Amino acid sequence: MEKIADIIESIANEKGLEIEDVKERVIRAIINTAKKIYGENYEYDAVIDNATKTLHLYQKITVVEDGDERLAEDNEHFLSISEAKKVDSGVEIGDELTYELSTDNLGRTAAQTLHKELEYHIQRLMEEKIFQKYQDMVGHMVFGSVTRVDSDENTFIEIDELRAVMPRKNRIKGEKFKPGDVVKAVIKSVYIDKSMGIKVELSRTSPKFLEALLKAEVPEIKDGLVLIAASARIPGERAKVALVATSPNVDPVGATVGTKGVRINAVTKELNGENIDAIEYSAEPAILITRAMAPAIISSVKIGEDNKAVVSLVTEQKSKAIGKSGINIRLASMLTGHEIELNELGARGESKDENAKDLKALFGDL
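Have a look at this one:
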């Protein structure tokens, strides 16, 4: 097979693949072709001579002792030690010898078989490269055009060399898309479907989408001067993000919010009006929980076992702490990773349970 190295280089350049990867798949295709032409049970090896750019195909044969019963049944796979010594005096029983098979004039059947094998293995290589490319992009933002929306309201979006899907559950409540719309989303997952091939799932409801938007909008986050330590969302309603600066000269919250809120508002607009609370991260759980409960003013936080936190606050702050439909306390819990329990304080700054004990001590049971 003449100039196989040139064929490999041509395929690599045309498909945008690495030469060594293509070389490995070509060798695999040639060995599979040899098995179909010469016999499935034989062992083969193929070597490409880079100097001459030609391919050499070898069949392996095992050296056995004289008189081995396998010699009578199969002299293609096995060679007696006495015959092997004529080829190589240093050979021993159990060694493998190889001899070259001619690749010239294999005929039309072999050529067709090789063509199909090459086509199959190169296609698999391309799919593997595409899969790995998008696997490495999980959590990153992509842009694409909507091609169609099916009856289940799954949105199909064209991104580069494939069509991704955004299920209805991954779409912000109230959003509707039509063919031709340009959509931003993050890659949520990549997997192989046996019948459909590579499947890429997109999301606009993941906290990673919020983080990707902030990174695109805030130069300090993009440059690594501000890091997003944690984020939590109830899509389309409200979100919280904890930020930390890597430089003492940078205000993480101020940089993220921007002058007159211009940066954070741009992200809110993309998220269909989702309000975003930006707080400064703290490695101290009690401080982080206090900040995460904003706009409520917290009196104290006690960290218990099993990630539970008792948050004490005066009565006037309770509704703020809970938020509409419990949204504020839910987000604070999601952001900090703690189960938050509220402890309402009385007028003297004591819990209502303590006030009840004091009254009982003074007046007894009525």
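Heads up: the sequence shown begins at 1 in UniProt numbering, then just goes up one per residue.
Using N, Cα and C, we set each Cβ at its ideal position, and we do this for glycine too.
The structure displayed is predicted, hence computed values, not measured ones.
His115: member of the alpha helix (DSSP H) spanning Arg108 to Gln135, first to last residue. The straight-line gap separating the alpha-carbon atoms of Phe177 and Asn170 is approximately 13 Å. Between Glu270 and Lys173, the C-beta spacing is not below 8 Å. The beta carbon of Ala212 sits closer than 6 Å to those of Met141 and Val186, all from its chain and outside the five residues before and after it, given in chain order. Under a 10 Å Cβ-count criterion, Gly67 is classified as exposed, with fewer than 16 other Cβ atoms of the shown protein chains found around its own Cβ. In the three-state reduction of the DSSP assignment, Thr290 falls in the helix class, which pools H, G and I.
Residue state for Leu213 is assigned as helix, using DSSP reduced to three classes. Counting the other Cβ atoms within 10 Å of the Cβ of Val182 gives fewer than 16, which makes it exposed. Setting aside the 5 residues that flank it on each side, Thr256 is surrounded in the same chain by Leu214, Val218, Glu220, Ile221, Val226, Val241, Leu243, Arg263, Ile264 and Ala278, each with a C-beta closer than 8 Å to its C-beta; the list follows chain order. C-alpha of Leu114 to C-alpha of Ala84: approximately 32 Å in a straight line. Across the set Asn32, His56, Gln112 and Leu162, the C-alpha of Leu162 shows the shortest separation from the C-alpha of Ile130. For Asn307, the secondary structure class from DSSP, reduced to helix, strand or coil, is coil.
In the DSSP assignment, Asn249 falls outside any beta strand (DSSP E), carrying neither H nor E. Only residues of its own chain outside the window of five on either side were considered, and among them Gly139 and Val186 have a CB closer than 7 Å to the CB of Lys208, listed in chain order. Straight-line measurement puts the Cα of Ile157 at about 44 Å from the Cα of Leu342. Excluding five sequence positions before and after Ile228, the CB atoms of its chain that fall closer than 7 Å to its own CB belong to Glu211, Leu214, Ile221, Val241 and Leu243, given in chain order. One Cα belongs to Arg28, the other to His121, and the distance between them is close to 8 Å.
Nearest neighbour of Asp21 by Cα position, chosen from Arg124, Gly273, Gly254 and Glu280, turns out to be Arg124. Secondary structure note for Lys199: it is in no alpha helix (DSSP H), and the uninterrupted beta strand (DSSP E) holding it is Gly197 to Ser203. Taking each of Ile234, Ile276, Pro235 and Thr54 in turn and checking the Cα distance to Val253, the smallest one comes out for Ile276. Contact annotation: Glu284 and Lys308 have beta-carbon atoms that are not nearer than 8 Å. Using a 10 angstroms sphere on the CB of Ser203, the tally of other CB atoms reaches 16 or more, which defines it as buried. In chain order, Val138 and Glu201 place their CB closer than 7 Å to the CB of Ser189, counting only its own chain and leaving out the 5 sequence neighbours on each side. Between Arg238 and Glu274, the C-beta gap is smaller than 8 Å, which places the two residues in contact. Measuring C-alpha to C-alpha distances from Val47 to each of Ile4, Lys15, Val267 and Ile19 identifies Ile4 as the nearest.
For Ala110, same chain residues with a beta-carbon under 6 Å away, outside a window of 5 residues either side, are Ile37 in chain order.
Per DSSP, Ala84 is one residue of the alpha helix (DSSP H) stretching across Ile81 to Val87. Measuring C-alpha to C-alpha distances from Val91 to each of Thr98, Ile81, Ala296 and Glu100 identifies Ile81 as the nearest. Distance check between Glu305 and each of Gly337, Leu288, Lys320 and Pro179 places Gly337 closest, using alpha-carbon atoms only. Comparing alpha carbon positions, the residue from Val301, Pro248, Thr246 and Ile234 closest to Gly323 is Ile234. With 16 or more neighbouring CB atoms inside 10 Å of its own CB, Asn32 falls in the buried class. Note that the C-beta distance between Val64 and Leu71 is below 8 Å. DSSP links Arg148 through a beta bridge to Phe156. For the 8 Å CB-CB criterion, Asn272 and Glu175 form a contact. Scanning Asp95, Tyr191, Phe78 and Glu100 for the CA closest to the CA of Leu57 turns up Glu100. Going by DSSP, Asp193 is part of the beta strand (DSSP E) stretching over Val182 to Asp193.
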